Every structure is written in C-alpha cells, then in structure tokens.
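Respectively, the protein sequence lines represent chains A and B.
Using my numbering, read the first sequence as starting at 161 and increasing by one per residue.
Using my numbering, read the second sequence as starting at 2 and increasing by one per residue.
Ideal placement from N, C-alpha and C gives every residue a C-beta, glycine not left out.
If you're wondering where the values come from, they're calculated on a predicted model, not measured in any experiment.
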Amino acid sequence: MEWRDQGAVISVRPQGETSAIIEVFTQAHGRHAGVVRGGASRKMAAMLQPGSQVDVVWRARLSEQIGNFKVEPLRSRAGVLDNRLNLAGLNAICAMLHTALPDREPHPALYARSIALLDALQTPGWPPDYLRWEMILLEELGFALDLTQCAISGSREDLAYVSPKTGRAVNRDAAGEWAGRLLPLPAVLLGQGPASPVEIAQGLAVTGHFLNRALEPTLNGKPLPEARARLLGILAKNGADQE
Amino acid sequence: MEQSRDIEVLIELMARLPGLGPRSARRAVLALLKKRGPLMAPLAQAMATVALTAKDCVICGNIGTAEVCPICSDDARATGEICVVEDVSDLWAMERGGVFHGRYHVLGGTLSALDAIGPDELGIPRLVDRARDATEVILALNATVDGQTTAHYIADALAGLGVRITSLAQGVPIGGELNYLDDGTIGAALRARRQF
C-alpha cells in the first residue's frame, strides 16, 4: 500500500526514542496517522510541528496498519509562534480536526478551508474566518446549521435566534416568549455586518453548542478541546480590551 | 547463550535507559563486568547513594540531593530573575552556558490537552507565587508550538503582577548557515533583527 499527498500536520507524539507518530490532514486521505522514523530528531523537529504543511508518502503492507510516513517540508507556519492569538488559532484548528474528524475519511471542502485558514493566521482579521470554518466543520459532521429562513414563519427577515435543537434560524417575532430558550444569532453568522469580538464570541457559542452535540459520542462527556476554550478566552479578553 | 540471571536482569534494566537498546546495554554491562573494581563498584555505590538522596527542589523543581537545590540556596543568585525552563535538562544546558546568574523554575513539561497536562501539573500557580517577589521572569521555553503555547499561557498568568516578562530570542544559531535553516527560523530571525 502506498500513496502520496500533501497536508497539514495536526498532532505529533513521540514514539520510542527516535520516532514520532504524526497525524496529517490531507485532501484525499483525510486525517491520517503514520510513524515517522527519525521523527524525534532535531533535524525533523521544525518540520513536524502542528500546522506545518508537508508532502507525505505513506507506506504500509496492509491498509489497516498505521504505516510509515516519509515527510518532506513544504512550508512552515512558525510565524504564528510569537503571537498568542494566532498561536491559539492554530492550536484550536489542529485540536478540533484531531477531535472531530474520523480517521482516513476525506473531506476535500473542509481541507481547502482549513489550509486557507491556517495560511491566514499570520494576517490580522482571521477570527471571523475561524467562525465560518467551524460552520463548515459542522456541515462536514452532518450538523449543518440552516440559517436561510425562519423555521417557524419561513421569513428571511430579522433572523435573530437559532434553535438549539434543530440548528435552524428563528425570526425575532416568531420566537415570542421562547426567545429565552433560543441561542442568539449574531449577524456575523449570516455573513452580515461587521464582525465585532462580541459577535464572534456569540457565533462561537452557537457553533460550540452544536459541535458539542455532534461530537458527543467522541467526547464521552468531556468538553471540547482546551485549545478551543483558550482561543475563546483570548478573543473575549481582546474584545474586552477594545471596549 | 546462558547468562547468570542477575546479569540478565542488569542488561534488561540498562536497556531501558535512553540511547541504549538490548545490544548496546549488553556491551555496556560487559564493559562494567570487565572493570568491576575501578568502575562497576563505585558506579553501583554512587547510584545507590543518589537513589536514596535525590530530591526535587521544593522551590524550583531542579533535581538535587537536598530539599532546596544549590542554586536556590545560593544567596549570590538572588538577583530577582527567574528563568522558566521546560525540563531539568534545559536547566543544565543553561548552567553549562554559565551566562545566567539568577534562579530557575522547572515546569516539568508543557501544556498538552492531548496528554491532560494542565497548569497545575506544571506548577504554574507556584511560579506565579514566586514571581510576586521577582524583577524579571525569563521564559526560556522551546521554540515549538507546545513550548510557545505554554509561554503565552504563563505570560498571561503573570500579566497582573507587574513583573517584567521576557523570552529568549529566536533565530540563527551560532555556526548556523542560512542555506540550511528552515523558513520558520529565518522568518523569526528577520522579525527579531536589531541595529548592527
């Protein structure tokens, strides 16, 4: 068995003294693990950091084996290391991909958006893109939000809430006395208006609610990855500092 | 080949050491057996002594043979500077350089959600307590995603104390050639350029 693909390293764990087990998110093979011989060496350390873009050749005798990766570096994303928000974004993306995606299942649309988002991390203004990326992640997990029209009235105007059960939008008037039980729908989730830190935080609360539901069997009662919580904390702090 | 059971046990234990496999452990044990008097007996005695006396320093986490390590008990090193390192091996590397004359704080790892290592496991609350009396905290953590994530977390935890927080520079190593550096290191070096 052998294939070649490109992807982003999303996790690295030592294997023995000299090797490493890495997970790479690739376009055609999804989240795929493999052993890198010599992966613990100083020479390989810079290449095998989460977020690095690599070219990999995977080989195994049988498809169900973990197999070995031969890794070539394509580009480093080490530029995010000195900025706490950008680094938190990189950690959150890698941790969410590691937690949410099944093994070896291709998600080409999510791959394209993930790579674009990882590349955007070194430029300011990426947090709204991260929010949209989580919506695509939900779509890929089969929990797409339907924010095109009100689930009750069918109206496309004044959509102000999301049903926490169905993930469908609800019009402000139609929500009536149930408004308190619904999730606020920030305009940024509809692709409208400026993405203020408060709106992004509200949007991430919505996606977080549905990611928790989508990943319930995987998480087994545990919360979403700590890296995501840290990103939310930094975004909230930055938002508070701006106000 | 039949060996004495005791020697086999010794080989098995040696093979667990980093850098040694079964074959190299066998070679090392054979070398010790050939130098039983001058090498093996003093080594065994030194290991037995250290096994009984080795302790983690209650202040910084360094390994020594007393409750408080020689660095923490040295008044000349009370400069108000605390250098935060990931592991005791990093502390030893800094001491080899002989250029830092303050004290240390050994975390014992980095934050890792995958391995369930949180701030408490790394003694970060203890570091915050120590930093109240410090003038500068130097974050000498590895230039890896985990190392820098931990550094940012510590910087956030110390932010309200008014202590100066610095980190090691990142860039071209001594003897390094640009041609052989990865693009991340070149980028870091360029961002940290200084007046020449």
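May I ask you to list the residues that DSSP assigns as paired with residue i?
{"i": "residue 82 of chain B", "result": "B/137"}
{"i": "residue 319 of chain A", "result": "A/331"}
{"i": "residue 105 of chain B", "result": "B/84"}
{"i": "residue 194 of chain A", "result": "A/182"}
{"i": "residue 77 of chain B", "result": "Residue 77 of chain B is not bridged to any residue."}
{"i": "residue 167 of chain B", "result": "B/139"}
{"i": "residue 219 of chain A", "result": "A/162, A/228"}
{"i": "residue 257 of chain B", "result": "Given that chain B is displayed from residue 2 to residue 197, the structure contains no residue 257 of chain B and the question cannot be resolved."}
{"i": "residue 168 of chain A", "result": "A/185, A/213"}
{"i": "residue 175 of chain A", "result": "A/179"}
{"i": "residue 306 of chain A", "result": "A/328"}
Leaving out five residues before and five after residue i in sequence, what residues of the same chain have Cβ atoms less than 8 Å from its Cβ?
{"i": "residue 379 of chain A", "result": "259, 372"}
{"i": "residue 342 of chain A", "result": "321, 322, 323, 324, 330, 335"}
{"i": "residue 151 of chain B", "result": "87, 108, 111, 112, 123, 142"}
{"i": "residue 51 of chain B", "result": "66"}
{"i": "residue 280 of chain A", "result": "286, 289"}
{"i": "residue 353 of chain A", "result": "347, 359"}
{"i": "residue 326 of chain A", "result": "306, 311"}
{"i": "residue 390 of chain A", "result": "248, 251, 252"}
{"i": "residue 193 of chain B", "result": "170, 171, 172"}
Going along the chain, which residues of its own chain have a beta-carbon closer than 7 Å to the beta-carbon of residue i, five neighbours each way excluded?
{"i": "residue 64 of chain B", "result": "55, 57, 89"}
{"i": "residue 40 of chain B", "result": "33"}
{"i": "residue 97 of chain B", "result": "none"}
{"i": "residue 102 of chain B", "result": "78, 80"}
{"i": "residue 15 of chain B", "result": "21, 26, 29, 30"}
{"i": "residue 185 of chain A", "result": "167, 168, 170, 191, 257, 271, 274"}
{"i": "residue 298 of chain A", "result": "304, 305, 367, 370, 371, 374"}
{"i": "residue 313 of chain A", "result": "331, 334"}
{"i": "residue 301 of chain A", "result": "260, 374"}
With a threshold of 6 Å on Cβ separation, who are the neighbours of residue i within its own chain once the five nearest residues in sequence on each side are excluded?
{"i": "residue 344 of chain A", "result": "362"}
{"i": "residue 366 of chain A", "result": "322, 343"}
{"i": "residue 277 of chain A", "result": "289, 293"}
{"i": "residue 172 of chain A", "result": "180, 182, 208"}
{"i": "residue 82 of chain B", "result": "103, 137"}
{"i": "residue 328 of chain A", "result": "306, 311"}
{"i": "residue 218 of chain A", "result": "163, 194, 227, 229"}
{"i": "residue 164 of chain B", "result": "132, 135, 138"}
{"i": "residue 254 of chain A", "result": "170, 210"}
{"i": "residue 187 of chain A", "result": "268, 271"}
{"i": "residue 387 of chain A", "result": "251, 252, 255"}
Any heavy atom of the ligand NAD closer than 8 Å to the CB of residue i?
{"i": "residue 87 of chain B", "result": "Inclusion of the ligand NAD in the displayed structure is not the case, the ligand content being empty and no account of it being possible."}
So, does the CB of residue i fall closer than 9 Å to a CB anywhere in chain D?
{"i": "residue 251 of chain A", "result": "The question asks about chain D, but that chain is absent: this structure's protein chains are A and B."}
Which residues, in chain order, does the region 119–153 of chain B contribute to contact with chain A at a C-beta distance below 8 Å? Within the region 119–153 of chain B, the residues whose Cβ lies closer than 8 Å to some Cβ of chain A are 119, 144, 145, 146, 149, 150, 153, listed in chain order.
Please confirm if the region 134–144 of chain B is in contact with the region 157–168 of chain B, defined as three or more CB-CB distances below 8 Å between the two stretches. Touching, yes.
Short-range partners of chain A found in the region 172–193 of chain B, where Cβ spacing is below 8 Å: Listed by position along the chain: 183, 184, 185, 186, 188, 189, 192.
With contact counted as at least three CB pairs below 8 Å, one residue from each stretch, are the region 185–192 of chain A and the region 261–268 of chain A in contact? With the cut-off at 8 Å, the region 185–192 of chain A and the region 261–268 of chain A touch.
Mind pulling the alpha helix (DSSP H) runs of 4 or more residues that sit fully within the region 225–299 of chain A? If we require 4 residues or more, the alpha helix (DSSP H) runs fully inside the region 225–299 of chain A come out as 244–260, 268–280.
The region 207–214 of chain A touching the region 293–306 of chain A, judged by at least three CB pairs closer than 8 Å: Contact fails: fewer than three Cβ-Cβ distances are below 8 Å.
What residues from the region 18–36 of chain B come within 8 Å of chain A, judged by C-beta to C-beta, listed N to C? Within the region 18–36 of chain B, the qualifying residues are 19, 20.
Mind pulling the alpha helix (DSSP H) runs of 4 or more residues that sit fully within the region 33–73 of chain B? Qualifying alpha helix (DSSP H) stretches, in chain order: 42–54.
Which residues, in order along the region 199–211 of chain A, keep a beta-carbon less than 9 Å from a beta-carbon of chain B? Here the close residues are 205, 206, 207, 209, 210, 211.
Determine, using beta-carbon pairs with one atom in the region 240–248 of chain A and one in the region 219–229 of chain A, whether at least three such pairs fall under 8 Å. Because the criterion of three Cβ pairs below 8 Å is not met, the region 240–248 of chain A and the region 219–229 of chain A do not touch.
Jot down the residue ranges of each uninterrupted alpha helix (DSSP H) in the region 327–378 of chain A, minimum 4 residues, whole runs only, in chain order. Segments of the alpha helix (DSSP H) lying fully in the region 327–378 of chain A: 332–335, 357–374.
Interface residues of the region 267–296 of chain A facing chain B [CB-CB below 7 Å]: Listed by position, the residues of the region 267–296 of chain A near chain B (Cβ gap below 7 Å) amount to none.
Please name the residues in the region 231–248 of chain A whose beta-carbon is closer than 8 Å to at least one beta-carbon of chain B, in chain order. Those would be 233, 235, 236, 237, 238, 239, 241, 242, 244, 247, 248, in chain order.
The region 307–315 of chain A contacting the region 225–245 of chain A, beta-carbon criterion three pairs below 8 Å: Counting C-beta pairs closer than 8 Å gives fewer than three between the region 307–315 of chain A and the region 225–245 of chain A, which falls short of the contact rule.
Are three or more beta carbon pairs between the region 177–192 of chain B and the region 232–242 of chain A nearer than 8 Å? The region 232–242 of chain A and the region 177–192 of chain B touch, with three or more beta-carbon pairs separated by less than 8 Å.
Give me the subset of the region 175–192 of chain A whose CB atoms are less than 7 Å from a CB atom of chain B, sorted by chain position. From the region 175–192 of chain A, only 177 have a Cβ closer than 7 Å to chain B.
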